[in-house]
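Notes for the one structure printed next.
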Amino acid sequence: MKTSKSTVVFIGVVFFLGMFVQPVFAVKGPIEMMKPVLTKLTGLLNDPNLQGDVHRDERRQKIMETIKSGFDFHEMCKRVLGRTWRDIDDEQREHFTKSMTKFLENAYIGKLEDYHYKKIEYVGETIRDDRAVVTTMVEKGNVKLPVRYVLQLTPQGWMVYDINIEGLTLVKNYREQFRSILLKDSFTGLLKIIEDKNKSMEKNGKGS
Amino acid sequence: MKKILSLIMLLALFFMRGSAWAAQKNNAGAVDDLLNFDYMDDGKNPAGSQVYDPLEPLNRVFFTFNDKLYFWVEKPVVEGYSAVIPSDLRKCFSNFFDNISSPITFLNDVLQGRFSDAGTVVSRFVINSTLGVFGFGDTAKDAFNITTKSADFGQTLGVWGLGEGVYICWPVFGPSNMRDTVGLAADLSTHPTNFMDLTTTERIGYFGTNRINSDSLHPIYEELVKYSFDPYVAARQAFHEYRQAKIDRYRNTKPPKNK
Numbered sequence: 000m001k002t003s004k005s006t007v008v009f010i011g012v013v014f015f016l017g018m019f020v021q022p023v024f025a026v027k028g029p030i031e032m033m034k035p036v037l038t039k040l041t042g043l044l045n046d047p048n049l050q051g052d053v054h055r056d057e058r059r060q061k062i063m064e065t066i067k068s069g070f071d072f073h074e075m076c077k078r079v080l081g082r083t084w085r086d087i088d089d090e091q092r093e094h095f096t097k098s099m100t101k102f103l104e105n106a107y108i109g110k111l112e113d114y115h116y117k118k119i120e121y122v123g124e125t126i127r128d129d130r131a132v133v134t135t136m137v138e139k140g141n142v143k144l145p146v147r148y149v150l151q152l153t154p155q156g157w158m159v160y161d162i163n164i165e166g167l168t169l170v171k172n173y174r175e176q177f178r179s180i181l182l183k184d185s186f187t188g189l190l191k192i193i194e195d196k197n198k199s200m201e202k203n204g205k206g207s
Numbered sequence: 000m001k002k003i004l005s006l007i008m009l010l011a012l013f014f015m016r017g018s019a020w021a022a023q024k025n026n027a028g029a030v031d032d033l034l035n036f037d038y039m040d041d042g043k044n045p046a047g048s049q050v051y052d053p054l055e056p057l058n059r060v061f062f063t064f065n066d067k068l069y070f071w072v073e074k075p076v077v078e079g080y081s082a083v084i085p086s087d088l089r090k091c092f093s094n095f096f097d098n099i100s101s102p103i104t105f106l107n108d109v110l111q112g113r114f115s116d117a118g119t120v121v122s123r124f125v126i127n128s129t130l131g132v133f134g135f136g137d138t139a140k141d142a143f144n145i146t147t148k149s150a151d152f153g154q155t156l157g158v159w160g161l162g163e164g165v166y167i168c169w170p171v172f173g174p175s176n177m178r179d180t181v182g183l184a185a186d187l188s189t190h191p192t193n194f195m196d197l198t199t200t201e202r203i204g205y206f207g208t209n210r211i212n213s214d215s216l217h218p219i220y221e222e223l224v225k226y227s228f229d230p231y232v233a234a235r236q237a238f239h240e241y242r243q244a245k246i247d248r249y250r251n252t253k254p255p256k257n258k
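Written out as structure tokens, the structure is:
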């Protein structure tokens with residue numbers, strides 16, 4: 000009788016502790032999550048075997064794969080559309096996410112390739128509930144630029160949904176533009192604008 | 000001139016919206032804003048914009064005008080200028096223009112309570128005007144690693160707690176708002192070129208060259224057009240956030256007490 004009672008207490012304590020212990024091991028902190036992604040990205044951008052137009056497609060594919068391991072494009076696209084996201088069906092959401100991801104890829108990989116990240120300094124992280132901000136400093140030429148990543152805790156861990164460079168927030172800026180367009184135009188109209196932009200960027204990208 | 004300036008100030012105060020006092024922020028303010036921003040909700044503003052822009056139709060006309068001015072006039076001039084003057088020399092000119100406007104930066108550093116920055120401006124001015132040969136070189140940075148952040152009167156007003164008021168896209172000058180327009184007017188009226196014996200043409204030449212030189216080193220407008228779906232809104236939002244970030248960095252840390 001005495002033994003079984005202490006066994007029950009023991010099992011109870013183990014379960015009780017287990018509740019605290021498990022999440023600590025399961026989820027990496029925001030900086031811990033960001034570091035390998037950004038290190039890998041810097042490595043790809045500086046890899047001599049991937050430089051030049053010959054390796055363009057291979058390089059971009061690898062960069063995109065790396066970005067997607069830390070950046071949540073679905074969340075970005077949802078936020079960029081704001082309230083309108085709730086008014087459209089799953090098929091439209093998928094269509095939009097695909098086009099918008101393509102746009103971000105076209106626009107920003109090109110920009111990333113122009114940057115030569117020498118060193119990324121991790122200044123700190125702020126966590127509130129399921130959101131977090133990671134502040135980094137990036138050297139560009141002689142200047143240090145503050146770059147902040149806004150993250151959300153997802154089943155896959157902390158994932159980035161917005162970037163703030165020197166006070167300018169990427170997804171928020173596009174959200175403002177889309178809202179202004181949607182005041183006059185329909186969702187289908189907006190989709191067409193994005194696809195036209197993608198087409199013209201791809202045409203110009205190949206020419207250069 | 001003083002009378003006109005104080006009249007503009009009064010008018011501006013009249014137009015300022017209430018957001019000024021409500022949004023007391025500090026250094027952590029930028030992070031707070033990022034954590035709190037609700038992308039799925041448009042908030043109280045019916046148009047949902049973060050920027051108060053009742054003059055949008057007129058502003059868009061001026062924005063289009065500036066766009067044409069850029070691509071038809073400014074860009075060809077910048078291209079010709081860049082072809083003739085190598086970028087090293089353009090950087091020297093940029094140093095020179097920065098050095099001349101040091102007194103304004105100093106004044107605003109003091110007004111914002113940034114005394115250490117004010118001291119840095121003085122050291123930089125002394126070093127660059129002498130060792131830097133009249134400000135063409137940036138010896139303070141290159142040899143002594145002394146750098147500083149810019150400061151202007153629009154920013155000072157923001158640090159003091161004044162809201163941005165109505166958004167204005169001025170012809171030629173571009174994105175601004177009531178607060179920064181007052182700031183720009185004040186900065187221009189205290190600019191050292193006013194105390195030099197210059198004709199109006201020479202003064203326009205000075206600011207024109209400064210602008211073309213700066214455009215040639217930082218071609219930001221074309222990037223903005225290339226990567227945006229509605230350049231007007233993209234510029235408006237970028238300006239708003241950029242200015243806010245510059246102000247938040249130096250705002251007082253104490254939140255207002257409710258009485």
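Those sequence lines, one after another, are chains A and Z.
Residue 0 is where the first sequence starts when you use numbering that gives the first Met the number 0, and the numbers rise one by one after that.
Residue 0 is where the second sequence starts when you use numbering that gives the first Met the number 0, and the numbers rise one by one after that.
Beta carbons are placed, not taken as given, at the ideal position from N, Cα and C, and that holds for glycine.
Same chain, Cβ closer than 6 Å to M32/A, five either side skipped, listed in chain order: G156 and W157
Using a Cβ-Cβ cut-off of 7 Å (strictly less than) and excluding sequence neighbours within five positions of S68/A, which residues of its own chain qualify? V36
With 9 Å as the C-beta to C-beta threshold (strictly closer), list the residues of the region 174-200 of chain Z near chain A in chain order. none
Along the chain, where does the beta strand (DSSP E) that runs through L110/Z open and close? Segment S101 to L110 is the alpha helix (DSSP H) holding L110/Z; no beta strand (DSSP E) there.
With 16 other Cβ atoms within 10 Å as the buried cut-off, status of P218/Z: exposed
Mind checking which residues open and close the beta strand (DSSP E) that includes R250/Z? It is not in any beta strand (DSSP E) - R250/Z carries neither H nor E in the DSSP assignment.
Secondary structure of E93/A, DSSP reduced to three states: helix
Going by other Cβ atoms of all chains shown within 10 Å of its Cβ, with 16 needed for buried, is L40/A buried or exposed? buried
Enclosing beta strand (DSSP E) for K139/A [first to last residue]: R130 to K139
Rounded to a whole number of angstroms, what is the C-alpha to C-alpha distance between Y209/A and R250/Z? A query on residue 209/A cannot be resolved here, the shown segment of chain A reaching from 0 to 207 and no further.
Over the uninterrupted alpha helix (DSSP H) stretch that includes M33/A, give me the two end residues. P29 to N45
Can you have a look at E93/A and say buried or exposed, based on whether 16 or more other CB atoms are within 10 angstroms of its CB? exposed
Of the residues V159/A, H73/A and D46/A, which one's Cα is nearest the Cα of K61/A? D46/A
At a Cβ threshold of 8 Å, is V224/Z touching chain A? no
How long is the line joining the alpha carbons of Q21/A and R123/Z, rounded to whole angstroms? Residue confidence for Q21/A is low, a pLDDT of 49 falling below 50, so the modelled location carries little weight and cannot support an answer.
Can you check whether the CB of D52/Z is closer than 8 Å to the CB of N58/Z? yes
With distances taken from CA atoms, which of T100/A, R55/A, I87/A and D52/A is nearest E74/A? T100/A
Does DSSP put R242/Z in a helix, in a strand, or in coil? helix
Does the beta-carbon of T89/A have 16 or more other beta-carbons within 10 angstroms, so that it is buried, or is it exposed? The residue you asked about is not Thr; residue 89/A is Asp in the sequence shown. Exposed, because fewer than 16 other Cβ atoms sit within 10 Å of the Cβ of D89/A.
Assuming the contact rule is C-beta atoms closer than 8 Å, D229/Z and S179/A should be a hit. Round their C-beta distance to whole Å, please. 5 Å
Just to confirm, is the Cβ distance from I133/A to I30/A under 8 Å? Checking the sequence shown, residue 133/A turns out to be Val, not Ile. Closer than 8 Å, so yes.
Just mark A82/Z as buried or exposed, buried being the case when its beta carbon has 16 or more other beta carbons within 10 Å. exposed
Do P191/Z and A234/Z have their C-beta atoms closer together than 8 Å? no
Grab me the residues of Y173/A's own chain with a C-beta within less than 8 Å of its C-beta, minus the 5 sequence neighbours each way, in chain order. V79
Using a Cβ-Cβ cut-off of less than 9 Å, give me the residues of the region 174-197 of chain A that come near chain Z, in sequence order. R174, E175, Q176, F177, R178, S179, I180, L182, L189, I192, I193 and K196
Taking the alpha-carbon of K245/Z as reference, which of E55/Z, E163/Z and L197/Z has the nearest alpha-carbon? E163/Z
Option in R147/A, D86/A, V26/A and G11/A with minimal Cα separation from E165/A: R147/A
Can you pull the DSSP bridge partners for L150/A? A131/A and V159/A
Along the region 152-170 of chain A, where does the CB come closer than 8 Å to a CB of chain Z? Name the residues. D161, N163, E165, G166, L167, T168 and V170
Please go through the same chain and pick out, in chain order, the residues whose beta-carbon is closer than 6 Å to the beta-carbon of I66/A, but skip the five residues on each side of it. none
Counting only the same chain and skipping the five closest in sequence on each side, list residues whose C-beta sits under 6 Å from that of S128/Z. G134
Please name the residue or residues paired with C168/Z in a DSSP beta bridge. P174/Z
Which residues of chain Z have a Cβ atom closer than 7 Å to the Cβ of V122/A, listed in chain order? The contacting residues do not exist; V122/A stays about 11 Å from chain Z at best.
Endpoints, the alpha helix (DSSP H) within which N144/Z is located: No alpha helix (DSSP H) holds N144/Z; DSSP gives it neither H nor E.
Kindly say whether G28/A, judged by its beta-carbon, lies nearer than 8 Å to any beta-carbon of chain Z. no
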